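Down below is the structure, laid out as structure tokens.
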Amino acid sequence: MSMSGGIEGYDLIGDVHGCGATLGALLEKLGYHRQDGVYRHPRRKAVFLGDLIDRGPRIRLAVSIARNMVEAGEAHIVMGNHEFNALAYNRRCPDGTGCQWLREHTPRHNRIIRETLEQYRDHPDEWEDVLAWFMEIPLLLELDGMRVVHACWDAPLIERFLAAYPSARIDEAFLDASADPDSFAFRVLERLTRGTHLRLPEGIEIQSGDGFTRRTFRAHFWARHPRTYGDVVFQPDNLPGDLESRPLSASERQRLTYYGPEQPPLFLGHYWCEGVPALPAPNIACLDYSAVKYGRLVAYRWDGEARLDADKFVWLRVPRDERSRPRPWEIDLD
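Per our numbering, the sequence shown runs over residues 151 to 484.
Here is the structure:
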């Protein structure tokens with residue numbers, strides 16, 4: 151198929167999580183070169199799947215690289231749950247709502263955003279400017295026959311959202327409304343940036359690889375007739391005991407959406423996959439391969455194909471010494 155704007159294809163890039171040095175190296179491996187502070191390719195554009203921030207050692211660099219490309223027209227981006235978290239964490243609740251922050255400053259929430267706040271601490275104006283830019287990031291993209299969303303493509307919910315927000319960008323009123331778990335705004339942001347979580351049985355919890363205790367598990371949305379937990383679980387942490395064989399209840403099945411093989415190619419991040427990149431479905435690619443846990447920063451080189459090809463993944467392993475070893479092409483942000 152022909153692409154719009156005379157380009158030959160898109161390079162979709164998974165969750166960076168502050169691995170800014172590796173991002174620059176991956177772009178160079180993909181054939182992008184820095185010109186006037188912007189990574190450019192003569193015939194292609196990049197698409198970032200969100201979660202630029204948190205956890206990693208070079209968050210400001212990661213944001214700067216992606217933002218410069220987007221603002222120069224060399225890339226697109228969708229919002230991840232970590233950008234949404236940052237917006238809610240830094241915004242006070244409207245008067246009369248009884249809360250102080252849209253995302254309360256609990257020890258858990260403080261820990262998730264800690265590295266980001268530390269790395270911007272001496273650059274408060276820059277951080278405010280970055281937060282304003284996050285508000286401009288759409289929640290989803292439909293572009294030249296492909297679809298992009300951070301965590302889950304829920305067609306009925308997206309149709310309703312786009313009817314009210316055709317640009318797929320939220321505004322401050324939508325952000326404020328998202329603090330209410332019963333609101334439409336909460337449902338949209340929760341489903342599109344975090345996906346579907348199913349609650350574990352009473353008394354069972356998972357000690358997750360990222361150090362958190364979880365009482366839910368992440369469920370995917372491309373099983374046509376799922377019957378058990380094992381049919382839908384999509385996360386690096388195994389379910390305890392024999393839970394994979396536990397039947398899904400009617401209410402749990404009702405919570406799951408479905409993306410069929412006849413739908414356009416869909417690119418996701420979010421799910422902390424591990425190992426060598428593989429396709430979970432013929433038309434779905436997840437590009438989050440745990441970069442910040444010294445995994446892989448992964449891209450997919452898409453050229454218009456309806457059926458995706460695992461040979462088109464490109465990746466770099468994230469070195470353990472990224473923090474201490476500067477790269478000659480690293481942007482001077484100060």
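Glycine included, each C-beta is placed from N, C-alpha and C at the ideal position. Keep in mind it's a predicted model, so treat the numbers as computed, not measured.
| query | result |
| --- | --- |
| Start-to-end residues for the alpha helix (DSSP H) that takes in residue 489 | Residue 489 lies beyond the residue range present for the chain, which begins at 151 and ends at 484; the question has no answer from this structure. |
| Cα-Cα separation, residue 244 to residue 333 | 15 Å |
| Buried or exposed by the 16-neighbour rule on C-beta atoms within 10 Å, applied to residue 355 | exposed |
| DSSP state of residue 438 mapped onto helix, strand, coil | strand |
| Local Cβ density within 10 Å of residue 228, reported as buried at 16 or more and exposed below that | buried |
| Rounded straight-line distance, which links the Cα of residue 339 to that of residue 288 | 11 Å |
| Alpha carbon of residue 440 to alpha carbon of residue 313, nearest angstrom | 34 Å |
| Nearest-angstrom Cα separation, counted from residue 250 out to residue 242 | 6 Å |
| Euclidean distance between Cα positions of residue 349 and residue 224 | 40 Å |
| First and last residue of the uninterrupted beta strand (DSSP E) at residue 185 | 183-185 |
| Contact between the segment 309-327 and the segment 391-411 (3+ Cβ pairs under 8 Å) | no |
| Own chain partners of residue 410 with C-beta closer than 8 Å, once the 5 adjacent residues on each side are dropped | 372, 374 |
| C-alpha distance - residue 270 paired with residue 264, whole-angstrom precision | 10 Å |
| Option nearest residue 417 by Cα separation, candidates 295, 406, 258 | 295 |
| Beta-carbon proximity list for residue 378, same chain, < 8 Å, skipping 5 on both sides | 394, 395, 396, 397, 398 |
| DSSP three-state assignment for residue 481, whether helix, strand or coil | With a pLDDT of 40 at residue 481, under the threshold of 50, the predicted position of this residue should be treated as unreliable, and no value is reported. |
| Contact check, residue 468 vs residue 451, beta carbons under 8 Å | no |
| Member of 457, 154, 446 whose CA lies at the smallest distance from the CA of residue 126 | Limits of the chain in this structure are 151 at one end and 484 at the other, which puts residue 126 out of reach. |
| Short Cβ contact (8 Å threshold) for residue 168 with residue 442 | yes |
| Environment of residue 161 [buried if 16+ CB atoms lie within 10 Å] | buried |
| Nearest-angstrom beta carbon gap, residue 199 and residue 164 [assumed within contact, 8 Å] | 5 Å |
| Proximity of residue 181 and residue 218 at Cβ, strictly below 8 Å | no |
| Reference residue 290; option with closest CA among 281, 192, 284, 300 | 300 |
| Nonlocal neighbours in the same chain, by C-beta distance under 8 Å from residue 424, ignoring five residues either side | 386, 439, 440, 445 |
| Sub-8 Å separation of residue 353 and residue 201 beta-carbons | no |
| Pairwise C-alpha distance: residue 175 and residue 189 | 11 Å |
| Where residue 476 sits in the DSSP three-state scheme | Caution applies to residue 476, whose pLDDT of 43 falls short of 50 and renders its modelled position unreliable; the value that the coordinates give is listed next. In the structure shown, residue 476 sits in coil (DSSP, three-state: anything other than H, G, I, E or B). |
| Contact under 8 Å by Cβ, residue 457 with residue 432 | yes |
| Limits of the unbroken beta strand (DSSP E) element including residue 195 | 194-198 |
| Candidates 380, 364, 430: closest to residue 258 by CA position | 364 |
| From 381, 237, 422, 273, residue whose alpha carbon lies closest to that of residue 211 | 273 |
| Segment limits, beta strand (DSSP E) that includes residue 392 | Run containing residue 392: none; DSSP gives neither H nor E here. |
| Reduced DSSP secondary structure (H/G/I, E/B, other) of residue 232 | helix |
| Under the three-state DSSP convention, the category residue 166 falls into | coil |
| Sub-8 Å separation of residue 406 and residue 382 beta-carbons | yes |
| Residue range of the beta strand (DSSP E) that includes residue 219 | Element bounds for residue 219: not the beta strand (DSSP E) but the alpha helix (DSSP H), 209-221. |
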